[in-house]
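Numbering follows the working numbering, with no gaps: position 189 of the sequence shown is 394. No residue lacks a Cβ here, since even glycine has one placed at the ideal position from N, Cα and C. All figures in this text were calculated on a predicted structure; none of them were measured in a lab. The structure appears right after this line, and notes come after that.
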Amino acid sequence: MRDFLTTADWERGELQALLDDARLLKEQPMNGRLEGKTIALVFFNPSLRTRTSFDVGIYQMGGHAVTLQPGSGSWPMEFQEGAVMDDVAEEHVKEAARVLSRYCDLIAVRAFPKFQDWSVDREDHVIESFAAHATVPVINMETITHPCQELALMLALQERLGTTDGKKFVLTWTYHPKPLNTAVANSALMIATKFGFETTLLCPTPEYVLDERYMELGKKYAAENGRGLTVTHDIEEAYTGAHVVYAKSWGAIPYFGRWDEERPIRDAHKHFMVDGEKMAMTDGGVFSHCLPARRNVKATDEVFDADYSMIIEEAENRLHVQKALMSRLTGATG
Ligand code: CP
Numbered sequence: 206m207r208d209f210l211t212t213a214d215w216e217r218g219e220l221q222a223l224l225d226d227a228r229l230l231k232e233q234p235m236n237g238r239l240e241g242k243t244i245a246l247v248f249f250n251p252s253l254r255t256r257t258s259f260d261v262g263i264y265q266m267g268g269h270a271v272t273l274q275p276g277s278g279s280w281p282m283e284f285q286e287g288a289v290m291d292d293v294a295e296e297h298v299k300e301a302a303r304v305l306s307r308y309c310d311l312i313a314v315r316a317f318p319k320f321q322d323w324s325v326d327r328e329d330h331v332i333e334s335f336a337a338h339a340t341v342p343v344i345n346m347e348t349i350t351h352p353c354q355e356l357a358l359m360l361a362l363q364e365r366l367g368t369t370d371g372k373k374f375v376l377t378w379t380y381h382p383k384p385l386n387t388a389v390a391n392s393a394l395m396i397a398t399k400f401g402f403e404t405t406l407l408c409p410t411p412e413y414v415l416d417e418r419y420m421e422l423g424k425k426y427a428a429e430n431g432r433g434l435t436v437t438h439d440i441e442e443a444y445t446g447a448h449v450v451y452a453k454s455w456g457a458i459p460y461f462g463r464w465d466e467e468r469p470i471r472d473a474h475k476h477f478m479v480d481g482e483k484m485a486m487t488d489g490g491v492f493s494h495c496l497p498a499r500r501n502v503k504a505t506d507e508v509f510d511a512d513y514s515m516i517i518e519e520a521e522n523r524l525h526v527q528k529a530l531m532s533r534l535t536g537a538t539g
């Protein structure tokens, strides 16, 4: 039995096989691969794309999705080992994961960090608990990484660029009025370096550099491909010659739980917004973002609506890559 918790557990060749199957599924969306199969979609946080694409994807393959929102329509859940459950939680993940495993062939979980203490959040306790107690494969629908988004991004990049090896990928921090999850940024670094990009992380100050776990993985993958992972705070240096500009906002890890102290730094870097002038420095680069995204805050209307923007393609590809993933994890394909 194989989980899909992070792409760090999957080799490039295995991920490429999923992408190749996703291309097939994009051409032939309706099939009976998952006839009689069921997936539980467990959401601790809101979603538009993830919820819809998983639900539609399994339907298109003859299966069925059950969506659960613990605390809102299903019971609030406890995760701590040995907890005295005298607060709001009505059941423990030990029972929930095992019961869902009796009904369903797959369990997918979205559980964002709590944003109070990164040393706690980086353990990814909710999805790790599901994986520990479930007896069917568990899929990460975004926790502290977003591996399904990685696949969708890479499929869109391969469709636009052909080969990715040796091309320049820029992950740029952008302003957002609230501190956001680092998941997509962690994921973008991992997938870009794993697929051979020369990768640059552009962020306002050293405090916005991502967790060392992902920086180290990024450096390792880059080195395996004979490439590098560079950190810069210089906008012009980052954009010059880029083939891909990937935008995301995230909260600075040293300020977890002290967000009022982070705010002045964040507010001083609104100019990191992606605009036409910056994109003009690239080498005919494409732009993307995982969505949802605030227009004229993270990127200008001009950028979102440009021919070089692949935001909708990337979002569409969530459907195709997740169908390939569900097929693979249930044994419907090799
Ligand atoms: N990109 C993404 O995961 O979108 P949702 O939050 O709408 O699911």
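For Tyr513, which residues in the same chain have their Cβ closer than 8 Å to its Cβ, ignoring the five residues on either side in sequence? Taking the first residue of the sequence shown as 1, we reach residue 513 at position 308. These residues qualify, in order along the chain: Met484, Gly489, Gly490, Val491 and Phe492.
Out of curiosity, what's the CA-to-CA distance linking Pro281 and Asn386? Mapped onto the sequence shown, residue 281 falls at position 76. Mapped onto the sequence shown, residue 386 falls at position 181. The straight-line gap from Cα to Cα measures roughly 22 Å.
Take Arg365 and list the residues in its own chain whose beta-carbon comes closer than 8 Å to its own, dropping the five residues that flank it on each side. The sequence position of residue 365 within the sequence shown is 160, counting from 1. Excluding the 5 residues flanking it on each side, Arg365 has same chain C-beta neighbours closer than 8 Å at Val491, Met515 and Glu518, in chain order.
In whole angstroms, what separates the C-alpha of Leu358 from that of Asp291? Translated into the one-based positions of the sequence shown, residue 358 becomes position 153. Translated into the one-based positions of the sequence shown, residue 291 becomes position 86. Looking at the two C-alpha atoms, the distance is approximately 43 Å.
Any non-hydrogen atom of the ligand CP within 7 Å of His525 CB: Against the sequence shown, residue 525 aligns to sequence position 320. Checking every heavy atom of the ligand CP against the Cβ of His525, none is found closer than 7 Å.
Heavy atom of the ligand CP less than 7 Å from the Cβ of Arg256, yes or no? Position 51 of the sequence shown, counted from the first residue, corresponds to residue 256. The nearest non-hydrogen atom of the ligand CP is less than 7 Å from the C-beta of Arg256.
Just the C-alpha distance for Glu328 and Arg463, rounded to the nearest angstrom, thanks. Here the question's residue 328 lines up with position 123 in the sequence shown. Here the question's residue 463 lines up with position 258 in the sequence shown. Each residue's Cα considered, the two are about 20 Å apart.
Could you check whether the Cβ of Leu407 sits closer than 7 Å to any heavy atom belonging to the ligand CP? Residue numbering aside, residue 407 sits at position 202 when the sequence shown is read from its first letter. The answer is no for Leu407.
Consult DSSP for Asn345 and reduce its assignment to one of helix, strand or coil. The count along the sequence shown starts at 1 and reaches residue 345 at position 140. Three-state DSSP puts Asn345 in a strand.
Residue range of the alpha helix (DSSP H) that includes Lys373: Counting from one through the sequence shown, the residue named residue 373 turns up at place 168. Looking at the DSSP string, Lys373 is not in any alpha helix (DSSP H); the run it does join, the beta strand (DSSP E), is Lys373 to Trp378.
Going by DSSP in three states, Thr257 sits in which element: helix, strand or coil? Taking the sequence shown and counting its residues from 1, one reaches residue 257 at position 52. Of the three classes helix, strand and coil, the one that applies to Thr257 here is helix, per DSSP.
By the 10 Å Cβ neighbour count, where 16 or more other Cβ atoms means buried, how is His476 classified, buried or exposed? On the sequence shown, position 271 is the one that residue 476 refers to. His476 should be labelled exposed.
Please report the straight-line C-alpha distance between Gly401 and Phe374, rounded to a whole angstrom. What you label residue 401 is simply residue 196 of the sequence shown in a count that begins at 1. What you label residue 374 is simply residue 169 of the sequence shown in a count that begins at 1. Cα-Cα distance, rounded: 10 Å.
Residue environment, Gln265, which counts as buried when at least 16 other CB atoms sit within 10 Å: To locate residue 265, count along the sequence shown from 1; it is residue 60. So Gln265 counts as buried.
Should Leu210 be listed as close to the ligand ZN, given that the test is whether its C-beta is under 7 Å from any heavy atom? Ligands displayed in this structure: the ligand CP; the ligand ZN is not among them.
For Arg523, which three-state DSSP category applies? As a first step, residue 523 must be located in the sequence shown, where it is residue number 318. Arg523 falls in the helix class under three-state DSSP.
The ligand CP heavy atom lying under 7 Å from the CB of Glu347: Translated into positions along the sequence shown, residue 347 becomes position 142. Flag set: Cβ of Glu347 near the ligand CP.
Note down the Cα distance separating Pro382 from Glu295, rounded to an integer number of angstroms. Counting from one through the sequence shown, the residue named residue 382 turns up at place 177. Counting from one through the sequence shown, the residue named residue 295 turns up at place 90. Their Cα atoms are separated by approximately 35 Å.
So is the beta-carbon of Leu253 under 7 Å away from any non-hydrogen atom of the ligand CP? Taking the first residue of the sequence shown as 1, we reach residue 253 at position 48. The answer is yes for Leu253.
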